[in-house]
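J.: Next up is a structure, given as structure tokens.
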Amino acid sequence: MELECLQEKPKLVLTYPHKSNFNRIGCLSLVIFSFIVMWVLKHLMRYHTDFSDKMIMVIVLIVASLLVWFMGYYLFINGVKLEIYENNVVKYYTYGSRGGSVLHFKFKLEDIEQIKTKNRPFHCLKMTVKIRNPIFYGLHEKKLHKLKKVSVILDRKISNCFMQEIEQFHRKQINEPI
Numbered sequence: 010m011e012l013e014c015l016q017e018k019p020k021l022v023l024t025y026p027h028k029s030n031f032n033r034i035g036c037l038s039l040v041i042f043s044f045i046v047m048w049v050l051k052h053l054m055r056y057h058t059d060f061s062d063k064m065i066m067v068i069v070l071i072v073a074s075l076l077v078w079f080m081g082y083y084l085f086i087n088g089v090k091l092e093i094y095e096n097n098v099v100k101y102y103t104y105g106s107r108g109g110s111v112l113h114f115k116f117k118l119e120d121i122e123q124i125k126t127k128n129r130p131f132h133c134l135k136m137t138v139k140i141r142n143p144i145f146y147g148l149h150e151k152k153l154h155k156l157k158k159v160s161v162i163l164d165r166k167i168s169n170c171f172m173q174e175i176e177q178f179h180r181k182q183i184n185e186p187i
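Taking our numbering, I'd label the letters of the sequence shown as residues 10 to 187.
Below, the structure is given as structure tokens:
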């Protein structure tokens, strides 16, 4: 039964929009800032004065650490995704340390308690979904008997598709006889 689910493709994937303006601007600014820092360090190393040595230490300790932090933030801002399948199963993934997706939670559309959205720049929004009793996939499968909250940053157009999917699901639930 699990193999059948693994072979089917998701009908909707909610993830960070990789080809957005934010990605282009962020990547370009990180590259330019890196070259500026390297250029300044190269020129300061020529002088060998007390002031230049102090400036090199300040740059290395503060600016370089900030640069590394921004690079990490830029790489892991898109670290989650939600996949919705035809059988109304939703899977929540995060990126592992080696770049592959790791399944964390699996639940059904009917287990969604609440959906909150918050607008972000560059046609993105942050969607926070509260899930009732998801199945946790860690070392082994375990049904969590509590309310869990997951967040994903995604494109506004895709969020509209997701909301329509939820509405269609609820309409089917209401129209089906018990």
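Yeah, the Cβ is synthetic: ideal placement off N, Cα and C, and Gly gets one too. A quick note: this is a predicted structure, and the numbers were derived from the prediction, not measured.
#1: Go through the stretch 89-137 residue by residue and report every complete run of the beta strand (DSSP E) that reaches 3 residues or more, in order.
#2: For V40, count neighbouring Cβ atoms within 10 angstroms of its own Cβ and tell me buried if that reaches 16, exposed if not.
#3: Within 9 Å (strictly less), CB to CB, does I41 reach chain D?
#4: Pull up the distance between the alpha-carbon of F114 and that of K125, whole angstroms please.
#5: Go ahead and pull the three-state DSSP assignment for Y8.
#6: Any contact between the stretch 165-185 and the stretch 144-156? By contact I mean 3 or more CB pairs, one from each, below 8 Å.
#7: Pull up the CB-CB distance for L156 and K90, whole angstroms please, since I reckon it's below 8 Å.
T.: Looking at the atomic coordinates:
#1: 89-93, 98-104, 110-117, 121-129
#2: Counting from one through the sequence shown, the residue named residue 40 turns up at place 31. V40 should be labelled exposed.
#3: In the structure shown, chain D cannot be found, because there is only a single protein chain.
#4: The count along the sequence shown starts at 1 and reaches residue 114 at position 105. The count along the sequence shown starts at 1 and reaches residue 125 at position 116. Straight-line Cα distance between these residues: approximately 19 Å.
#5: The structure shown does not extend to residue 8, since the chain spans only 10 to 187, so no value can be given for it.
#6: no
#7: The residue you call residue 156 lines up with position 147 of the sequence shown. The residue you call residue 90 lines up with position 81 of the sequence shown. Not confirmed; about 21 Å, so no contact.
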